[in-house]
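Participant:
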Amino acid sequence: MITVTKTYLPPFEEYTIQLKRAWDKAWITNNGILVTELEAKLKEYLDVKHLLFCTNGTIVLQMALKVLDITKEVITTPFSYVATTNAILWERCKPVFVDINKDDFCIDSAKIESSITENTQAILATHVYGYPCNTDAIEKIALRHNLKVIYDGAHAFGALYKNKQLLSYGDISTCSFHATKLFHTGEGGCIITNNDEIAEQLSLFRSFGHIGDKYYSMGINGKNSEFHAAMGLCNLPRLPEIISNRKQVSEWYDNLLMNSTITRPTSLDGTNYNYAYYPVVFKSEEQLLLVKKKLEENDIYSRRYFYPSLNKLPFIENPVTCATSENISNKILCLPLYDSLKLEEVESICKVILSTI
Ligand SMILES: *Cc1c(COP(=O)(O)O)cnc(C)c1O
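Take this note's numbering: the last position of the sequence shown gets the number 1716, and nothing is skipped along the way.
1) Is any heavy atom of ligand 1 found at a distance shorter than 7 Å from the C-beta of tyrosine 1440?
2) Restricting to runs no shorter than 3 residues, where is the beta strand (DSSP E) found entirely within the region 1442-1509?
3) Is any non-hydrogen atom of ligand 1 found closer than 7 Å to the C-beta of aspartate 1511, if you look at the structure I gave you?
4) Measure the C-alpha to C-alpha separation of asparagine 1390 and asparagine 1553 and round it to an integer number of angstroms.
5) Which partner residues does histidine 1569 have in the DSSP bridge list?
6) To the nearest angstrom, how far is the alpha carbon of tyrosine 1612 from that of phenylalanine 1586?
7) For ligand 1, any of its heavy atoms closer than 7 Å to the Cβ of histidine 1587?
8) Using only the heavy atoms of ligand 1, determine whether one of them is closer than 7 Å to the beta carbon of glycine 1489.
9) Applying the 10 Å Cβ sphere with the 16-neighbour rule, what's the burial state of glycine 1547?
10) Can you say whether isoleucine 1570 is buried or exposed, counting buried as having 16 or more other CB atoms within 10 angstroms of its CB?
11) Just verifying my parser: in three-state terms, what is the DSSP assignment at glutamate 1719?
12) Provide the residue span of the alpha helix (DSSP H) that contains serine 1609, from first to last.
13) Are there 16 or more other CB atoms within 10 angstroms of the CB of asparagine 1594, so buried, or fewer, so exposed?
14) Compare the Cα-Cα distances from proline 1667 to each of Met1360, Glu1610, Tyr1440 and Leu1563 and report the closest residue.
15) For ligand 1, is there any heavy atom lying closer than 7 Å to the beta carbon of leucine 1548?
16) DSSP three-state label for cysteine 1709, please.
17) Could you check where the beta strand (DSSP E) with serine 1532 kicks off and where it finishes?
18) Mapping DSSP to helix, strand and coil, what is lysine 1653?
19) Say whether the region 1444-1455 touches the region 1665-1679, bearing in mind that this needs 3 or more beta-carbon pairs closer than 8 Å, one atom from each stretch.
20) Give the straight-line distance between the Cα atoms of threonine 1444 and threonine 1436, rounded to the nearest whole angstrom.
21) Roughly how many whole angstroms lie between the Cα atoms of alanine 1331 and tyrosine 1374?
22) Going by DSSP, what residue range makes up the alpha helix (DSSP H) through isoleucine 1687?
23) Can you pull the DSSP bridge partners for tyrosine 1520?
24) Could you tell me the boundaries of the beta strand (DSSP E) in which glycine 1548 lies?
25) Quick check on this structure: which residue in Leu1448, Ala1442 and Lys1379 has the alpha carbon closest to the alpha carbon of glutamate 1676?
26) Helix, strand or coil for phenylalanine 1542, going by three-state DSSP, please let me know.
27) Where does lysine 1701 land, buried or exposed, given buried means 16+ other C-beta within 10 angstroms?
28) Would you say isoleucine 1459 and serine 1699 are within 8 Å of each other, going by their C-beta atoms?
29) Kindly indicate which three-state DSSP category phenylalanine 1412 falls into: helix, strand or coil?
30) May I ask you to report which of helix, strand or coil DSSP gives threonine 1388?
31) Please report the distance separating the alpha-carbon of alanine 1501 from that of proline 1599.
32) Looking at the unbroken alpha helix (DSSP H) that takes in valine 1426, where does it start and where does it end?
33) Does the Cβ-Cβ distance between leucine 1483 and aspartate 1463 come in under 8 Å?
34) Roughly how many angstroms lie between the CA atoms of phenylalanine 1438 and lysine 1400, to the nearest whole one?
35) Go ahead and pull the three-state DSSP assignment for aspartate 1383.
36) Since serine 1619 and leucine 1713 are thought to touch, with beta carbons under 8 Å apart, how far apart are those beta carbons, to the nearest angstrom?
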């Protein structure tokens, strides 16, 4: 069986060595030594001023909207995981979908301004599959209209844009460290900002809004545990190797699928990709469904990621049309991609695809 992704696990011994440190202290959550160390290492790796390790990649989106005091309209992408839209709705804001561009499938920055109203307060965009949004254009628009910028960087860990970590852009960037993501802690996520005041408020939000007996603000529980931090401490040093192995797998796919009718997204110049996903676009939805079925008959599991286009979710009020996002969503499939995938496996996947199309 070949699955679409396979969680990277460090040698078990190494994980237990990290766990033992928490065990010896009998301290397993509330900013223990492993969480503190992981945060320091992540800050260094990403070259950012503030980073908080949190429970998951969804609560950090909610915390971002809350800390920036966003209560009305949020311009967002229809081509992302459902958590991006859910966070906006959960915070009782209104998602305003702006279509994506046909090259990298990120929000089309040229279409943002016509969707701005007097109620627009923020832009929440996803660096989808780890491809950078047009951060320059988005920043200019945000300045012109006094909007906040939040990036859902759930796929962006380790990707560089213009020689800077992609996760360092925007007023706030978030990431997910879920087991299926490129860098993971089992469950987990982080929130990043270079603004001191925002960071201080976020730190309060993360632990109920109080420090000891002093109660400063409303808060939530966004803390993560030593068990999760231990996984991160084991995985982080291996990231260069993980990325380079995934690059190799992606290049095998590139070569094998080169002369087919399948198309692939193209990223902005200045992207140093992290090989988080391997999405392919078919000629039609019928073709995609046929390929997916044939792969399954061979015990190979791909994923319709992202489908449906989020503007089509059944709980969206007054839905709009996003033609490019809907078109791509219908025809895009993520092929298996993980660290230990072998050349023979990639060859057998491509053989099924090529013989079907
Ligand atoms: C995975 C993902 C999330 C949610 O992250 P969790 O850690 O699973 O809560 C949010 N946005 C995007 C784009 C994702 O892919």
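By construction, the Cβ of each residue, glycine as well, lies at the ideal position given by its N, Cα and C atoms.
Facilitator: Reading from the atomic positions:
1) For this step, residue 1440 is matched to residue 81 along the sequence shown. Checking the Cβ of tyrosine 1440 against ligand 1 gives yes.
2) Counting whole runs of 3 or more residues, the region 1442-1509 contains the beta strand (DSSP E) stretches 1453-1456 and 1479-1485.
3) As a first step, residue 1511 is located in the sequence shown; it is residue number 152 there, counting from the start. Within the cutoff, so yes.
4) By 1-based counting over the sequence shown, the position of residue 1390 is 31. By 1-based counting over the sequence shown, the position of residue 1553 is 194. Spanning the two alpha carbons is a distance of roughly 21 Å.
5) Along the sequence shown, read from residue 1 onward, the residue named residue 1569 stands at position 210. Answer is Tyr1574, bridged to histidine 1569.
6) Counted from its first residue, the sequence shown places residue 1612 at position 253. Counted from its first residue, the sequence shown places residue 1586 at position 227. If you take the alpha carbons of tyrosine 1612 and phenylalanine 1586, they lie about 35 Å apart.
7) Here residue 1587 refers to the residue found at position 228 of the sequence shown. Every heavy atom of ligand 1 is 7 Å or more from the Cβ of histidine 1587, so no.
8) Along the sequence shown, one-based indexing puts residue 1489 at 130. Placement of the Cβ of glycine 1489 at a distance of 7 Å or more from every heavy atom of ligand 1 is found.
9) Position 188 of the sequence shown holds residue 1547. Under this definition glycine 1547 is a buried residue.
10) For the purposes of this step, residue 1570 is taken as residue 211 along the sequence shown, with counting starting at 1. Classification of isoleucine 1570: exposed, given that the 10 Å Cβ count is below 16.
11) Any property of residue 1719 remains undetermined from this structure, which presents the chain solely from 1360 to 1716.
12) Working through the sequence shown from its first residue, we reach residue 1609 at position 250. Per DSSP, serine 1609 belongs to the alpha helix (DSSP H) from 1598-1616.
13) On the sequence shown, position 235 is the one that residue 1594 refers to. So asparagine 1594 ends up on the buried side.
14) Position 308 of the sequence shown holds residue 1667. Per the C-alpha coordinates, the member of Met1360, Glu1610, Tyr1440 and Leu1563 positioned closest to proline 1667 is Tyr1440.
15) The residue labelled residue 1548 in the question sits at position 189 within the sequence shown. Looking at the sequence shown, residue 1548 is not leucine but glycine. Yes; taking the cut-off as 7 Å, the Cβ of glycine 1548 has a heavy atom of ligand 1 nearer than that.
16) Within the sequence shown, numbered from 1, the residue matching residue 1709 stands at position 350. Cysteine 1709 falls in the helix class under three-state DSSP.
17) Within the sequence shown, the letter at position 173 stands for residue 1532. Segment 1531-1535, the beta strand (DSSP E) holding serine 1532.
18) The residue given as residue 1653 occupies position 294 in the sequence shown. Under the three-state reduction of DSSP, lysine 1653 is assigned to helix.
19) With the cut-off at 8 Å, the region 1444-1455 and the region 1665-1679 touch.
20) As a first step, residue 1444 is located in the sequence shown; it is residue number 85 there, counting from the start. As a first step, residue 1436 is located in the sequence shown; it is residue number 77 there, counting from the start. The straight-line gap separating the alpha-carbon atoms of threonine 1444 and threonine 1436 is approximately 8 Å.
21) Absent from the model: residue 1331. The displayed extent of the chain is 1360 to 1716, so no value can be given.
22) In the sequence shown, the residue the question calls residue 1687 occupies position 328. Isoleucine 1687 -> alpha helix (DSSP H) spans 1682-1690.
23) Here residue 1520 is taken as the residue at index 161 of the sequence shown, counted from 1. Under DSSP, tyrosine 1520 forms a beta bridge with Lys1523 and Thr1630.
24) Here residue 1548 is taken as the residue at index 189 of the sequence shown, counted from 1. Looking at the DSSP string, the run of the beta strand (DSSP E) that includes glycine 1548 is 1548-1552.
25) For the purposes of this step, residue 1676 is taken as residue 317 along the sequence shown, with counting starting at 1. Closest in alpha carbon position to glutamate 1676, among Leu1448, Ala1442 and Lys1379, is Leu1448.
26) Numbered from 1 along the sequence shown, position 183 holds the residue referred to as residue 1542. It is coil, neither helix nor strand.
27) The sequence position of residue 1701 within the sequence shown is 342, counting from 1. Exposed is the call here.
28) Residue 1459 sits at position 100 when you count from the first residue of the sequence shown. Residue 1699 sits at position 340 when you count from the first residue of the sequence shown. With contacts defined as CB atoms closer than 8 Å, isoleucine 1459 and serine 1699 fail to qualify as a contacting pair.
29) Numbered from 1 along the sequence shown, position 53 holds the residue referred to as residue 1412. Strand.
30) One-based indexing of the sequence shown puts residue 1388 at position 29. It is coil, neither helix nor strand.
31) Along the sequence shown, one-based indexing puts residue 1501 at 142. Along the sequence shown, one-based indexing puts residue 1599 at 240. Their backbone Cα atoms lie some 34 Å apart in a straight line.
32) To locate residue 1426, count along the sequence shown from 1; it is residue 67. Note, valine 1426: alpha helix (DSSP H), 1418-1426.
33) Taking the first residue of the sequence shown as 1, we reach residue 1483 at position 124. Taking the first residue of the sequence shown as 1, we reach residue 1463 at position 104. Not closer than 8 Å, so no.
34) Working through the sequence shown from its first residue, we reach residue 1438 at position 79. Working through the sequence shown from its first residue, we reach residue 1400 at position 41. Using only the alpha carbons, I get a separation of about 31 Å.
35) Within the sequence shown, the letter at position 24 stands for residue 1383. Residue state for aspartate 1383 is assigned as helix, using DSSP reduced to three classes.
36) Stepping through the sequence shown from its first residue, residue 1619 is reached at position 260. Stepping through the sequence shown from its first residue, residue 1713 is reached at position 354. With a Cβ gap of about 6 Å, serine 1619 and leucine 1713 count as contacting.
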